[in-house]
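Just so we're aligned, residue 1 is where the sequence shown starts under UniProt numbering, counting upward by one.
From the three backbone atoms N, C-alpha and C, an ideal C-beta is built for every residue, glycine too.
As the structure is a computational prediction, the values presented were derived from the model and not from experiment.
Report on the structure given below.
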Amino acid sequence: MPPGYPSGGFPIRPPGSTPPRRRRALPWILTAVALVCVAGLVAGGLVWWTTRHDDSSRAAPLDGQLTGTFPTAPTAKWQVGASQLGGEQFVSPDPNKAQYLSLGAVHDEHTLVTFVSSQSSSGRTLAGVDTETGKHWTSSRTVQGCSDTIVNGRIACYDQSTITFFDTATGSVVATADNPSPQAYEIALNTDGAYLRSFTDGGLSIIKLDNSAHTVRTKYYPLADGGPGGDASSFTATSSLVASGQTSVLVVSAADGRELLNRAGYATTEPLADGSIAVISASGSAGSFTPGPVVVVRPDGTTVEIPGASVSVPTVASPNQRGHLLVDGKWTSVADKSSTWTTAVGGPDSPYGSTAAVLADDREVVIAQGENLTVADTVTGQTRWTQKVASSYATGFPVTDGQRLIAADPTGGITALSLADGSNAWSLPVSAVGGASSGSSPAAQTFAVGSTLVTLTGTTITGFAPTGGPAGPPGIAPAQTQTAAGGTVTHCATAPTFTPQQFRTTPAGLVATMKVVATCADGDVMSGTGTRISIADSGSLVASGRFDFSRAPAAIPPSDVGEGITMELTYPPGSFYRTPDTLGQANGTVAGTFTVDCDPGPQTTTSLPKPEGGSAAPPQVSTGPALPPGVDLGSTTGDALRRQANSDRAFILSTLNNRWVAQLSSKRPGLFADGKTWDNQAILDEFLALRLRFNDVRLLYSDEWSVFSQPGWWVTVAAATFPGPDQANAWCAAQGFDGEHCFAKLVSTTAPPDGSTRYR
1 MPPGYPSGGF PIRPPGSTPP RRRRALPWIL TAVALVCVAG LVAGGLVWWT
51 TRHDDSSRAA PLDGQLTGTF PTAPTAKWQV GASQLGGEQF VSPDPNKAQY
101 LSLGAVHDEH TLVTFVSSQS SSGRTLAGVD TETGKHWTSS RTVQGCSDTI
151 VNGRIACYDQ STITFFDTAT GSVVATADNP SPQAYEIALN TDGAYLRSFT
201 DGGLSIIKLD NSAHTVRTKY YPLADGGPGG DASSFTATSS LVASGQTSVL
251 VVSAADGREL LNRAGYATTE PLADGSIAVI SASGSAGSFT PGPVVVVRPD
301 GTTVEIPGAS VSVPTVASPN QRGHLLVDGK WTSVADKSST WTTAVGGPDS
351 PYGSTAAVLA DDREVVIAQG ENLTVADTVT GQTRWTQKVA SSYATGFPVT
401 DGQRLIAADP TGGITALSLA DGSNAWSLPV SAVGGASSGS SPAAQTFAVG
451 STLVTLTGTT ITGFAPTGGP AGPPGIAPAQ TQTAAGGTVT HCATAPTFTP
501 QQFRTTPAGL VATMKVVATC ADGDVMSGTG TRISIADSGS LVASGRFDFS
551 RAPAAIPPSD VGEGITMELT YPPGSFYRTP DTLGQANGTV AGTFTVDCDP
601 GPQTTTSLPK PEGGSAAPPQ VSTGPALPPG VDLGSTTGDA LRRQANSDRA
651 FILSTLNNRW VAQLSSKRPG LFADGKTWDN QAILDEFLAL RLRFNDVRLL
701 YSDEWSVFSQ PGWWVTVAAA TFPGPDQANA WCAAQGFDGE HCFAKLVSTT
751 APPDGSTRYR
């Protein structure tokens, strides 16, 4: 055992589940010889596929997403300050949040509505902003709280004396009446009218008012024994149901007030697209309640019980995913209660209310938990990427334009992340959204209001116009651009040539940008369901994975066009073995010969509309690793470790030598830890995971550095340097590592092992 290390040896387990830091993609521009894809003849039937010329044939965006795209950073088209509306700060219209002066708003496709608050007044003023023009209004009436939705251009609000329906386009009063229950707390709205909730000893009353604010009925409901819900509360309505959540969950019929569910439970009330509502009940008796099961109440009053203690309904969902929930980290069908996969994100051990399914389409499910955004494959649940953003506790959740997620970032500004790989598309500073530093005021919240991206800070509302064309739904790759003359391309018996343009890493893995040129006069088509593409550098495997081109087939123009197309291939962790900096870049060129071996598998179509030369094919993400025949994985990964250490050595000597750093891991083949025996592949996988997770990490081989007394260990260190060991250990603590998985280490080729390690 090397001197100076814990009695348990080198840190042997991968770091724990701390939030990953956002990193920049590292571009490596390459000029190389052509990659030749060796393919055989294929057979297959035709499937329907089309490119799109105009908006009339474009797939419609999903409910809740932006209808315009934001490929580049936008500039503000309007901005409204709280001082312009007669107040000092914006506050959520939700009475639960308003009592703590928390930020928030509600909106429909035209108007954002919020409260304006002032220290000089105990009341709150309702305000609305037309998100297309920035035109705004305020109401002369102060109110206590409002409904969580806008229905047919109206919002319902209340105070101790009055119920008021406002027109959200103008702020004018549509209907008003005396409050039939001065102790009322929360109001809900649907097309039939408003529902006022009032707690009494041992139960609650729900008062229904029609759209003229006339009382239709008042009904009292004794509540089940209360569960451990605390002071959290929710109250909402769909077209068929009204639901109350606090220490008990009550769901009733909106039409006649019939009681449909009444149990101990929690505050969660999550509406589904079909008008159902999901709640979390509690089991047991007073003093010994446990959360669960999740109960879905359907519009007809029937219920579905699903084992689980947490639930989230995706905010934006494709038609195929609208009947699914995230229950204890399981992607669960309401129809049959089956789960296709499970992820650790949002599991039963997650803090209550901390996790939300932001988006679910047929390609990915986006999950927000605290400061992390995680994108999982819809079919397999495999994590595709994770990025750090501002905490969703304060900011709510990101919005999407179908190609990107736009979220508040930790600096107080906003950032756009590619749905495909998590890379940063653009960012705006805190000054652009009219906010202050995230430490002194709430971070920005984002809203998708038609085509306008709206941000809300404590003092400012800002509207941003799209910088691209109309949006399509997420989960569908952008179509290639057709030639104006039309025509088709057909599958070619000889494979296209691939020339690398760029290698880079993103949170999703290694991305290879290729120029792809057909070898046939009629062009080419790639549509295989299991196409293996393996990239090698002078015989050393760089990446190898299987791709499903049937999801978004690639059309390649005829060879006489010459330009070909560009194509991005993403190899997730487990399917790539080399990082861009090991690929022999020197003076802007690659000193090596790259080849690609392509096994196309069965094709699903042989003819597609002819694309324009130079257009971009839909990006492809490997569905899993797939080694070429005759490749030994142990030798491949061992070679990759050696090449990585060789590549990193020059950087370490010039930048890290005789400096204190944070050591993150060390392993050697044959080490038994965490219930498995570590080999070259496991060691490489861990290093690459850390490389993707942090801005920069480097690999050392212990034989080559005098501060290690034992040979044969692969050691991973963060590339940041520190004045001394205490600062390095402080960095470890700030990243959430425990003392076993991160501690201070002096890197040197001359210093002895003694004194080169400082534990926490």
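Any heavy atom of the ligand ATP inside 7 Å of the beta-carbon of residue i?
i      : result
SER318 : As presented, the structure is devoid of all ligands, the ligand ATP included, so that no description of it is given.
Quick one: give me the first and last residue of the beta strand (DSSP E) that residue i is part of.
i           : result
GLU270      : 259 to 271
TRP660      : 659 to 667
ALA194      : 193 to 200
ASN372      : 372 to 377
GLY245      : 241 to 245
SER283      : 277 to 283
ASN424      : 424 to 428
ILE556      : 554 to 556
residue 762 : Nothing can be reported for residue 762: it is not among the residues displayed for the chain, which extend from 1 to 760.
SER253      : 248 to 253
TYR158      : 154 to 158
Quick one: what's got a C-beta closer than 6 Å to residue i's C-beta in the same chain, skipping five residues either side?
i      : result
ALA335 : GLY323
GLN160 : PRO182
ASN211 : GLY193
ASP648 : ARG698, LEU699
SER451 : THR67, GLY68, PRO466
SER102 : SER92
The alpha helix (DSSP H) with residue i in it runs from where to where?
i      : result
ALA685 : Per the sequence presented here, residue 685 reads as Asp, with Ala not at that position. Segment 680 to 693, the alpha helix (DSSP H) holding ASP685.
Pull up the distance between the alpha-carbon of residue i and that of residue j, whole angstroms please.
i           : j      : result
SER544      : ILE535 : 6 Å
GLY381      : VAL106 : 32 Å
THR566      : VAL596 : 16 Å
TRP426      : ALA512 : 21 Å
THR505      : THR579 : 8 Å
CYS146      : LEU608 : 53 Å
SER310      : PHE397 : 18 Å
ALA169      : ALA734 : 47 Å
LYS135      : LEU85  : 11 Å
residue 804 : GLU132 : This structure cannot settle anything about residue 804, because the visible part of the chain is limited to 1 through 760.
ASP402      : ARG758 : First, the amino acid is wrong: residue 402 is Gly here, not Asp. Between GLY402 and ARG758, the C-alpha separation is close to 48 Å.
THR488      : ARG668 : 54 Å
THR593      : ASP537 : 6 Å
TYR220      : ASP256 : 13 Å
ALA662      : PRO725 : 9 Å
ARG642      : ILE683 : 12 Å
GLY468      : LYS77  : 15 Å
Can you tell me whether residue i is helix, strand or coil according to DSSP?
i           : result
ARG363      : coil
ILE406      : strand
LEU223      : coil
THR131      : coil
SER541      : The amino acid at residue 541 is misidentified as Ser; the sequence shows Leu. Strand.
GLU563      : coil
THR531      : strand
GLN183      : coil
LEU569      : strand
residue 764 : Because residue 764 is not part of the residues shown, which for the chain are 1 to 760, the question remains open.
TRP28       : Here the model assigns TRP28 a pLDDT of 35, short of 50, so the residue's position is not dependable, and the following value carries that caveat. DSSP places TRP28 in strand when its eight states are reduced to three.
GLY463      : strand
LEU641      : helix
LEU41       : Model confidence at LEU41 stands at a pLDDT of 30, short of 50, so the residue's coordinates are unreliable and nothing is read from them.
TRP705      : coil
THR750      : coil
ALA34       : Because the pLDDT of ALA34 is 42, which lies under 50, any placement of that residue in the model is unreliable, and the number read from its coordinates should be weighed accordingly. Coil, per DSSP.
ILE476      : coil
ALA432      : helix
THR494      : coil
PHE165      : strand
PRO625      : strand
Give me, in chain order, the residues of the same chain whose beta-carbon lies closer than 7 Å to that of residue i; leave out the 5 immediate sequence neighbours on both sides.
i      : result
GLY475 : SER318, ASP361, ASP362, ARG363, GLU364
PHE549 : MET526, SER527, GLY528, THR531, GLN620
ARG404 : PHE70, ALA416, LEU417, SER418, LEU419, ALA425
VAL639 : According to the sequence shown, residue 639 is Asp rather than Val. The answer, listed in chain order, is SER540.
When you compare the CB of residue i with every CB in chain B, is at least one pair closer than 8 Å?
i      : result
VAL379 : The structure shown contains no chain B; it holds only a single protein chain.
Could you name the residues of the same chain whose beta carbon sits closer than 8 Å to that of residue i, not counting the 5 residues immediately before and after it, in chain order?
i      : result
LEU260 : LEU241, VAL251, VAL252, SER253, VAL297, GLY301, THR303
ARG691 : THR505, THR579, VAL697
Task: beta strand (DSSP E) runs wholly inside the stretch 68 to 99, at least 3 long, in chain order - done: If we require 3 residues or more, the beta strand (DSSP E) runs fully inside the stretch 68 to 99 come out as 76 to 81, 89 to 91.
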